[in-house]
Amino acid sequence: MTDLLKKARDYEAKAAAQIEPEERPAFHLTPYVGWMNDPNGFSRYGGKYHLFYQYNPYDTSWGPMHWGHAVSADLLHWDYLPCALACDEPYDRFGAFSGSALELDDGRHLLMYTGVKEIPVPGKKEPDIRQTQCVAVGDGLNYRKYAGNPVISETDLPAGSSPVDFRDPKILRTADGTYLCFAGCRAADGSGDILVFESPDALHWNFRNILFRSRNRIGKMWECPDVFTLDGKTVLLSSPQDIRADQLEGLSGNCALAVVGDMDPDSGRLREEWVQPMDYGIDFYASQSVLTEDGRRVMIGWMQNWDACAERGKDQKWFGQMSVPRELRIKNGRILQSPIRELASHRTNPEAWRGELDGDRQTTPFFRGRTADLEMTIRPGGTGGFRRFEMRFAQDETGSVYSSLVYRPEEGLLTVSRQHSGTCRALLHERSCHVFSPDGALKLRVILDRFSAEIFVNDGVQTMSMALYTGQSADRIGFHSDGRGTLDIRKYDLV
Ligand code: FRU
């Protein structure tokens with residue numbers, strides 16, 4: 150073990166002991182200690198799910214990227230394992246960036262990641278950056294970096310591709326045993342490409358083709374590709390940077406999306422049928438998936454927005470969390486998401502309310518809880534029907550601190566907001582999306598877990614996620630409408 154890896158392991162074991170379980174979410178993964186971004190190496194190995202993550206143990210801000218490591222039997226209860234990778238080699242000294250994992254034929258676990266190094270340029274203040282693809286092989290606990298690293302570098306790139314933005318390898322194996330690696334890269338025009346490399350042994354790689362070119366249509370660099378088949382379609386998940394609002398249903402910044410279509414067997418290109426954002430809330434990025442033992446495609450994302458990292462808890466010993474694992478399926482030309490079904494077995498204390506809304510605040514129900522699962526159907530009445538329905542949650546006893554979900558049926562608009570969550574930062578705190586509902590009725594599932602809210606709209610046609618740092622005593626949940634309608638709610642605590 151290198152000194153840097155030992156240092157990280159010693160540090161995290163000591164520092165993590167200072168974090169009480171209640172200071173973390175109940176079932177969303179947070180870093181062992183310090184900072185977390187992207188999920189990495191999401192895979193099944195040795196009878197468990199392994200989830201690695203971009204990790205800076207030493208600080209709650211981004212820094213030298215290590216790979217943190219956790220395992221779970223059900224994707225909801227996570228056990229921390231010691232740090233898997235440190236940036237301890239000349240080719241990854243600046244960071245071991247995102248990547249993926251799979252099991253080799255000989256039973257070993259292979260991690261593929263991006264090694265980032267800086268090259269000083271004489272006369273220039275800023276060094277040059279080089280991103281190359283590297284592997285490490287291990288037993289599910291300890292990993293050894295391959296002596297022949299990097300396995301894919303600048304010289305393997307097609308003409309015009311950038312060696313500076315070339316990262317986040319997703320490795321998989323085809324039916325004939327060939328290994329494929331999909332990596333994000335910038336083309337000569339600065340836009341995002343997803344490159345494909347192939348290998349007989351996961352160590353020796355050749356460029357194969359370009360799976361997808363964004364041609365500056367959506368954002369710039371496309372990060373964190375994942376490729377899989379789902380209900381007969383080929384899905385490319387990726388997370389472009391620098392999106393303008395007119396490019397992706399009003400969303401801007403860094404957004405996780407899916408390109409769905411089929412593979413052209415001759416060119417190896419993805420023939421696009423549609424593009425959809427994977428989340429319409431504030432915080433969701435860099436999603437990755439795993440195939441469960443029983444054949445479900447489950448996706449997890451970093452429940453954070455790069456541009457909103459200044460929104461954080463006071464004196465928190467961790468920063469960054471994963472989303473709830475989400476099952477994916479395709480229906481009516483759209484990927485639908487639902488919280489992993491195992492979550493339902495953690496429901497307790499059912500409460501329900503069903504009745505007429507008449508614009509009078511007193512008649513609507515009042516629940517409590519910050520770790521909860523709510524299912525509800527909201528339907529505006531005919532004449533005098535509400536124009537605005539609001540659910541407030543994480544609300545304190547004064548009522549002045551809360552987060553909210555607002556539905557405006559006439560505009561078909563759903564808005565999540567943490568504007569009044571107690572935040573002191575001038576950042577993105579609110580986002581809206583157009584919801585599809587022919588008769589105005591809206592079906593919602595809301596998952597709360599101490600530091601977040603995730604909303605699944607109309608059986609997962611859309612999702613909206615946000616991180617939340619309101620003190621835990623703010624646990625009231627209430628509902629208001631400005632007119633007539635009906636509301637049907639079931640609420641459970643999650644334990
Ligand atoms: C995405 C990302 C990846 C990169 C990693 C670095 O959030 O920028 O492209 O590998 O974070 O931490």
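Per the working numbering, the sequence shown starts with residue 150, numbered consecutively. Glycine included, C-beta positions come from ideal geometry on N, C-alpha and C. Just so we're clear, the structure is a prediction, and the values are computed from it rather than from any experiment.
Check, Outcome
"Where the beta strand (DSSP E) through Asp317 begins and ends", "315-322"
"Bridge-paired residues (DSSP) for Tyr198", "Arg193, Ser221"
"Residue span of the alpha helix (DSSP H) that contains Phe594, given as start and end", "The sequence given here places Arg at residue 594; Phe does not occur at that position. Element bounds for Arg594: not the alpha helix (DSSP H) but the beta strand (DSSP E), 591-598."
"Per-residue burial, Val644 [other beta carbons within 10 Å of its own, 16 or more giving buried]", "exposed"
"Test item: CB-CB of Trp184 and Thr209 under 7 Å", "yes"
"Separation of Leu230 from Gly196, as counted between CA atoms", "15 Å"
"Gln486 CB to nearest heavy atom of the ligand FRU below 6 Å", "no"
"Asp288 burial status per 10 Å Cβ neighbour count (16 or more: buried)", "exposed"
"Beta-bridge pairing of Asp507 - partner residues as DSSP gives them", "Arg633"
"Where the alpha helix (DSSP H) containing Ala162 begins and where it ends", "152-165"
"Nearest to Gly339 (by Cα), restricted to the options Gln390, Arg574, Gly326, Thr378", "Gln390"
"The segment 309-324 contacting the segment 242-249, beta-carbon criterion three pairs below 8 Å", "yes"
"Host beta strand (DSSP E) of Asn358 (start-end)", "355-362"
"contact_flag[the segment 460-480, the segment 443-451] where n(CB pairs < 8 Å) is 3 or more", "yes"
"Proximal residues to Val555 (C-beta, below 6 Å), its chain only, five neighbours per side dropped", "Glu539, Thr564"
"Cβ-based burial, Trp451 [other Cβ within 10 Å; buried from 16]", "buried"
"Buried/exposed call for Trp371, threshold 16 Cβ in 10 Å", "buried"
"Inter-residue CB distance, Gly417 and Arg357 (contact presumed, cutoff 8 Å)", "6 Å"
"Close-in-space but distant-in-sequence residues of the same chain around Arg335 (CB under 6 Å, 5 per side omitted)", "Ser311, Asp314, Met370"
"Bridge-paired residues (DSSP) for Leu397", "According to DSSP, which records beta bridges pairwise, Leu397 is partnered with nothing at all."
"Cβ-Cβ distance between Asp187 and Ala435 below 7 Å", "yes"
"Own chain, CB closer than 7 Å to Pro276, minus 5 neighbours either side, in chain order", "Glu267, Ile268, Pro269, Val270"
"Own chain partners of Ser438 with C-beta closer than 8 Å, once the 5 adjacent residues on each side are dropped", "Phe191, Asp375, Phe377, Leu386, Arg446, Val447, Met448, Ile449, Leu477"
"Every unbroken beta strand (DSSP E) inside the segment 378-461 [3 residues or more]", "382-389, 406-413, 418-426, 434-440, 446-451"
"Distance cut-off 6 Å: Arg242 Cβ against heavy atoms of the ligand FRU", "no"
"Alpha carbon of Ile517 to alpha carbon of Arg625, nearest angstrom", "For clarity, residue 517 is Arg in the given sequence; the question names Ile instead. When rounded, the distance between both Cα atoms is 4 Å."
"Host beta strand (DSSP E) of Thr281 (start-end)", "277-287"
"Own chain partners of Gly368 with C-beta closer than 6 Å, once the 5 adjacent residues on each side are dropped", "Pro389, Gln390, Asp391, Ile392"
"Status (buried if at least 16 other CB within 10 Å, exposed otherwise) for Thr179", "buried"
"Given Gly469 as reference, the closest of Met150, Tyr202, Lys155 once Cα atoms are compared", "Tyr202"
"Closest by C-alpha distance to Pro514, when choosing among Val284, Gly272, Lys640, Glu303", "Lys640"
"DSSP-derived helix/strand/coil call for Glu372", "strand"
"Gln282 burial status per 10 Å Cβ neighbour count (16 or more: buried)", "buried"
"Contact under 7 Å by Cβ, Met412 with Thr383", "yes"
"Own chain partners of Glu303 with C-beta closer than 6 Å, once the 5 adjacent residues on each side are dropped", "Pro312"
"DSSP bridge partner residues for Glu347 (one or two, in chain order)", "Leu329, Asn355"
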